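In the numbering used here, the protein residues as written are 17 to 250.
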Amino acid sequence: MAERTFKIHRFNPEKDEKPYFQEYRFEVESGWSILDSLNHIKWNIDSSLNFRRSCRSGICGSCAMRVNGENALACETQVKNVKGSKIKIEPLPGLAVMRDLVVDMEPFFEGLKKVMPYFVTKDSPPDKEWLQSPEDRKKLDEPIKCILCACCTASCPSFWFDDKYVGPAALVKSYRFVFDSRDQAREERLDIVNDREGLWRCHTIFNCVEACPKDINCTQAIAELKKATVFSTV
Ligand code: SF4
Ligand code: SF4
Ligand code: FES
Numbered sequence: 017m018a019e020r021t022f023k024i025h026r027f028n029p030e031k032d033e034k035p036y037f038q039e040y041r042f043e044v045e046s047g048w049s050i051l052d053s054l055n056h057i058k059w060n061i062d063s064s065l066n067f068r069r070s071c072r073s074g075i076c077g078s079c080a081m082r083v084n085g086e087n088a089l090a091c092e093t094q095v096k097n098v099k100g101s102k103i104k105i106e107p108l109p110g111l112a113v114m115r116d117l118v119v120d121m122e123p124f125f126e127g128l129k130k131v132m133p134y135f136v137t138k139d140s141p142p143d144k145e146w147l148q149s150p151e152d153r154k155k156l157d158e159p160i161k162c163i164l165c166a167c168c169t170a171s172c173p174s175f176w177f178d179d180k181y182v183g184p185a186a187l188v189k190s191y192r193f194v195f196d197s198r199d200q201a202r203e204e205r206l207d208i209v210n211d212r213e214g215l216w217r218c219h220t221i222f223n224c225v226e227a228c229p230k231d232i233n234c235t236q237a238i239a240e241l242k243k244a245t246v247f248s249t250v
């Protein structure tokens, strides 16, 4: 057990004129994550604190927030690994704050919807499953790890300045279907992302790669999509 201070972004649009930080100091048990600590505050100290969470296992993507200046999943971030005398917790940047640590995810999901995040097949379905070679399946190893947490998109300066930009998470999703040997809408998909609000808004700054809690190389996926786009129009 060790005492830690949490400095947490608070904002209730119904009563606060502007956001402020509130500090909580308490004993953190060994093995606690940031999410365990937020739950402790909510359940034992201050029930008015708002944040999203669900699975507590790095699967649902809902607990993404900014911890000491870095986008991260609260449930996967161990308190003992966060340095500094205070642990500063803020909402994800680049998205409007609805309350405390809860942001409006609508622009993020709007970007995702634009890239058709679902399979498209035109042939009649086979008798059993759509088959894929192990080599083709391997191409999807990275993008299928995405849990849509928005850590990447919310770290992207291009998205901060233009939320019509679909963002790296949507482009990773596009990659996931463009390079899936079973999908049959490759040209349509490439047409969608071959746009100022798509691939070409990315300036290869790599923030998204550093922010991804699943170690997905978003920038590499975007570069592969750019290549595919150029190749398909030659
Ligand atoms: S590499 Fe592209 S998508 Fe990733 S943060 Fe930079 S501009 Fe955004
Ligand atoms: S690519 Fe990584 S950071 Fe972006 S939404 Fe998916 S899991 Fe989250
Ligand atoms: S609570 Fe589901 S990813 Fe953290």
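All residues carry an ideal CB built from backbone N, CA and C; glycine is no exception. As the structure is a computational prediction, the values presented were derived from the model and not from experiment.
For residue i, count the other beta carbons within 10 Å of its own beta carbon; 16 or more makes it buried, fewer makes it exposed. Which is it?
| i | result |
| --- | --- |
| GLY183 | buried |
| MET17 | exposed |
| VAL250 | Any reading at VAL250 needs caution, since the residue's pLDDT is 40, under 50, leaving its predicted position unreliable; the model's value is listed next. VAL250 comes out exposed. |
| GLY100 | exposed |
| THR235 | buried |
| GLY47 | exposed |
| SER149 | exposed |
| SER64 | exposed |
| THR137 | exposed |
| LEU275 | Outside the shown range of the chain, which is 17 to 250, sits residue 275, and nothing can be said about it. |
| ASN60 | exposed |
Within this structure, are the beta carbons of residue i and residue j separated by less than 9 Å?
| i | j | result |
| --- | --- | --- |
| ILE160 | ARG198 | no |
| ALA90 | ARG69 | yes |
| PRO107 | VAL118 | yes |
| TRP176 | PRO109 | yes |
| ASP207 | PRO123 | no |
| LYS102 | ARG82 | no |
| ARG217 | TYR181 | yes |
| VAL95 | PHE27 | no |
| SER171 | ALA237 | no |
| ARG72 | LEU51 | yes |
| PHE67 | CYS79 | yes |
Which residue wins for smallest C-alpha separation from residue i, given the options the options?
| i | options | result |
| --- | --- | --- |
| GLU45 | GLU19, ALA227 and SER171 | GLU19 |
| GLY74 | SER49, ASP139 and TYR134 | SER49 |
| ASP3 | LYS189, TYR181 and ALA170 | Absent from the model: residue 3. The displayed extent of the chain is 17 to 250, so no value can be given. |
| THR21 | ASN84, ARG72, SER64 and SER63 | ASN84 |
| SER248 | TRP59, GLU203, PRO150 and ASN55 | GLU203 |
| LYS154 | SER53, ILE221 and ASP196 | ASP196 |
| THR245 | VAL95, THR220, ASN210 and VAL225 | ASN210 |
| TYR134 | GLN200, ASP143 and LYS102 | GLN200 |
| THR169 | PHE37, CYS76, ARG26 and PHE125 | PHE125 |
| PHE42 | ASP120, ASP62, GLU226 and GLU92 | ASP62 |
| GLN38 | LYS31, HIS25 and PRO173 | HIS25 |
| SER174 | GLU86, ILE221 and ASN87 | ILE221 |
| PHE128 | LEU164, PRO141 and PRO142 | Going by the sequence as given, residue 128 is Leu instead of Phe. Of LEU164, PRO141 and PRO142, the residue nearest in Cα terms is LEU164. |
In the DSSP output, which residue or residues are listed as bridge partners for residue i?
| i | result |
| --- | --- |
| LEU89 | ALA80 |
| SER49 | GLN94 |
| THR259 | Absent from the model: residue 259. The displayed extent of the chain is 17 to 250, so no value can be given. |
| VAL118 | ARG115 |
| VAL44 | ALA18 |
| GLN38 | ILE24 |
| ILE103 | PHE22 |
Residue i and residue j look like a contact to me (Cβ under 8 Å); what is the Cβ gap, rounded to whole Å?
| i | j | result |
| --- | --- | --- |
| CYS162 | ILE232 | 6 Å |
| LYS242 | ALA186 | No, LYS242 and ALA186 are not in contact; Cβ-Cβ is about 15 Å, not under 8 Å. |
| TYR40 | ILE57 | 5 Å |
Taking only beta-carbon positions, decide if residue i is within less than 9 Å of chain B.
| i | result |
| --- | --- |
| PHE195 | No chain B is part of this structure, which consists of one protein chain only. |
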